[in-house]
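Worksheet: the structure to be examined is printed underneath.
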Ligand SMILES: NC(=O)c1ccc[n+]([C@@H]2O[C@H](COP(=O)([O-])OP(=O)(O)OC[C@H]3O[C@@H](n4cnc5c(N)ncnc54)[C@H](OP(=O)(O)O)[C@@H]3O)[C@@H](O)[C@H]2O)c1
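Residue numbers (my numbering): 150 to 524.
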């Protein structure tokens with residue numbers, strides 16, 4: 150019998166500036182035989198994230214992707230074979246599947262990012278979007294930005310996956326929200342679908358001039374996804390006690406050796422402002438808190454999660470470049486394949502997003518606070 154083959158997109162070179170498909174090579178290898186306690190899963194959906202550009206180039210909050218290995222990527226896969234007692238064919242998992250059709254995993258190995266089961270009654274696409282960029286927006290805006298009703302919140306990359314959710318949460322908190330995005334179509338989406346108060350088309354308008362008109366009293370919270378010169382323009386227009394949420398700096402990812410030097414950071418001193426960076430990994434113990442809230446807002450029609458779904462394994466490298474040309478609107482995903490088996494779910498997973506362990510972590514975190522209030 151012919152062995153089952155696994156197509157993989159291999160990282161073959163590190164990027165110098167712009168990324169393109171030539172940095173990757175298509176390889177086919179036989180799917181390895183399952184060992185004891187191993188699981189074979191088939192990749193269904195892949196997530197595309199600007200941070201993959203960083204993973205390709207350098208060690209950061211996690212090590213860079215080794216050359217000759219499949220490109221690292223988060224995704225949803227379906228278990229198709231299992232020799233592990235806790236994993237059954239048909240179950241869905243959220244995992245760093247990588248750019249490959251099949252992934253062999255050892256659930257018991259001490260991995261930094263172990264597989265998380267996704268219950269069968271949940272929409273895996275929405276779960277994938279909300280659990281990465283949705284949580285980033287949720288905790289970045291609420292924990293770090295701390296917006297108050299009536300304040301002016303400015304979001305860059307506002308029509309993208311993270312920005313679109315951060316901007317809408319600010320609106321739900323009763324803030325005046327302005328989004329910055331590239332092009333009239335994205336700006337129309339921001340005011341009409343996401344229901345923001347105003348949008349700035351940075352590709353066709355002067356950000357500074359528009360901010361002077363829209364924010365005469367300054368910006369209270371800036372949720373920054375872009376960095377560079379755009380951040381500098383905003384620094385000049387901070388309100389007293391402004392908070393800058395340093396979520397990302399996509400304008401700088403393709404020029405790591407010559408990053409833009411900020412000119413106006415003294416404004417933070419004058420305005421008693423703060424600029425606070427964060428990485429979403431630090432909030433994973435509170436994932437269930439964020440997911441429950443985000444999912445409820447989506448169900449209630451208060452929050453729109455736009456999904457930009459590309460199709461086909463062969464289009465994976467080109468899909469990553471969409472993030473850097475601004476081709477995507479909302480969360481960038483790609484469907485690799487349909488689920489080959491009926492989706493299966495066990496009773497325990499139905500309790501709270503299958504992220505039961507995260508939820509328990511959250512409950513544990515709450516306990517000291519309750520004890521504290523009693524003393
Ligand atoms: N701190 C964390 O833990 C964390 C987690 C997730 C994401 N992030 C960061 O959040 C940001 C958004 O990520 P995402 O996954 O939500 O991607 P995304 O916003 O859906 O896609 C990237 C968007 O960035 C904009 N862009 C690209 N190059 C640009 C440039 N040179 N100047 C201005 N805008 C540019 C494009 O929109 P336009 O068409 O509007 O230009 C593009 O659609 C990134 O900086 C990412 O690194 C941080």
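Each residue gets a CB set at the ideal place from its N, CA and C atoms; glycine is no exception.
So that I know if they touch, is there some Cβ in chain D lying closer than 7 angstroms to that of residue i?
i	result
residue 390	Within the model displayed, chain D is absent; a lone protein chain is all it includes.
If we count the other Cβ atoms within 10 Å of its Cβ and call it buried at 16 or more, is residue i buried or exposed?
i	result
residue 480	buried
residue 240	buried
residue 168	buried
residue 430	exposed
residue 549	Missing from the structure shown is residue 549; the chain here goes from 150 to 524 and no further.
residue 151	exposed
residue 452	buried
residue 271	buried
residue 220	buried
residue 301	buried
residue 399	buried
residue 438	buried
residue 153	exposed
residue 365	exposed
For residue i and residue j, what's the separation of their Cα atoms in angstroms?
i	j	result
residue 199	residue 351	19 angstroms
residue 345	residue 304	10 angstroms
residue 349	residue 287	22 angstroms
residue 418	residue 388	12 angstroms
residue 485	residue 249	9 angstroms
residue 527	residue 483	Absent from the model: residue 527. The displayed extent of the chain is 150 to 524, so no value can be given.
residue 468	residue 342	24 angstroms
residue 201	residue 222	7 angstroms
residue 410	residue 368	21 angstroms
residue 294	residue 325	14 angstroms
residue 460	residue 225	15 angstroms
residue 503	residue 234	Residue confidence is low: residue 503 scores 44 on pLDDT, short of 50, so the model does not pin down where it sits. Its coordinate-derived value is still stated next. Taking the straight line from one Cα to the other gives about 17 angstroms.
residue 354	residue 254	49 angstroms
residue 441	residue 284	10 angstroms
residue 191	residue 423	44 angstroms
residue 492	residue 269	6 angstroms
residue 162	residue 246	20 angstroms
residue 155	residue 494	26 angstroms
residue 516	residue 488	With a pLDDT of 35 at residue 516, under the threshold of 50, the modelled position of this residue cannot be trusted, and the question is left open.
residue 474	residue 434	33 angstroms
residue 256	residue 323	43 angstroms
residue 171	residue 464	13 angstroms
residue 456	residue 306	15 angstroms
residue 347	residue 193	37 angstroms
residue 415	residue 432	30 angstroms
residue 265	residue 189	14 angstroms
residue 174	residue 252	18 angstroms
What residue from the options has the CA that sits closest to residue i's CA?
i	options	result
residue 472	397, 491 and 407	397
residue 211	218, 390 and 203	203
residue 205	258, 294 and 215	215
residue 407	166, 154 and 162	166
residue 335	266, 326, 323 and 308	308
residue 393	296, 172 and 253	296
residue 356	370, 340 and 381	381
residue 466	196, 361, 190 and 360	196
residue 458	274, 160 and 264	274
residue 159	462, 477, 491 and 488	462
residue 238	412, 384 and 187	187
residue 337	164, 494, 193 and 478	478
residue 427	230, 320, 164 and 209	209
residue 317	443, 405 and 391	443
residue 436	362, 402, 289 and 320	289
Would you say the beta carbon of residue i is closer than 6 angstroms to some non-hydrogen atom of ligand 2?
i	result
residue 396	This structure lacks ligand 2; its bound ligands are ligand 1.
Just to confirm the assignment: which complete beta strand (DSSP E) runs, minimum length 3, are found wholly within the segment 348-375? Counting only runs of 3 or more, we get 368-373.
Quick check on the DSSP output: what are the complete alpha helix (DSSP H) runs of length 4 or more inside the segment 430-498, in order along the chain? Runs of the alpha helix (DSSP H) inside the segment 430-498: 436-448 and 465-474.
Looking at C-beta atoms only, is the number of pairs between the segment 175-188 and the segment 274-287 that lie closer than 8 angstroms three or more? Result no; under three Cβ-Cβ pairs closer than 8 angstroms.
Could you pull out every unbroken alpha helix (DSSP H) segment of at least 4 residues lying fully inside the segment 180-226, listed in chain order? Here the runs fully enclosed are 200-206.
Below 8 angstroms, how does it come out for the segment 258-265 and the segment 323-330: are there three or more Cβ pairs, yes or no? Verdict: no, contact absent.
Could you give the uninterrupted runs of the alpha helix (DSSP H) lying entirely in the segment 282-319, keeping only those of 4 residues or more? If we require 4 residues or more, the alpha helix (DSSP H) runs fully inside the segment 282-319 come out as 284-288.
The segment 356-374 contacting the segment 301-321, beta-carbon criterion three pairs below 8 angstroms: Touching, yes, given that three or more Cβ pairs across the two stretches are closer than 8 angstroms.
Could you name each continuous alpha helix (DSSP H) segment of 4 residues or more that falls completely within the segment 375-416, going from the start of the chain to the end? Those alpha helix (DSSP H) runs which fall completely within the segment 375-416 and span 4+ residues are 377-384.
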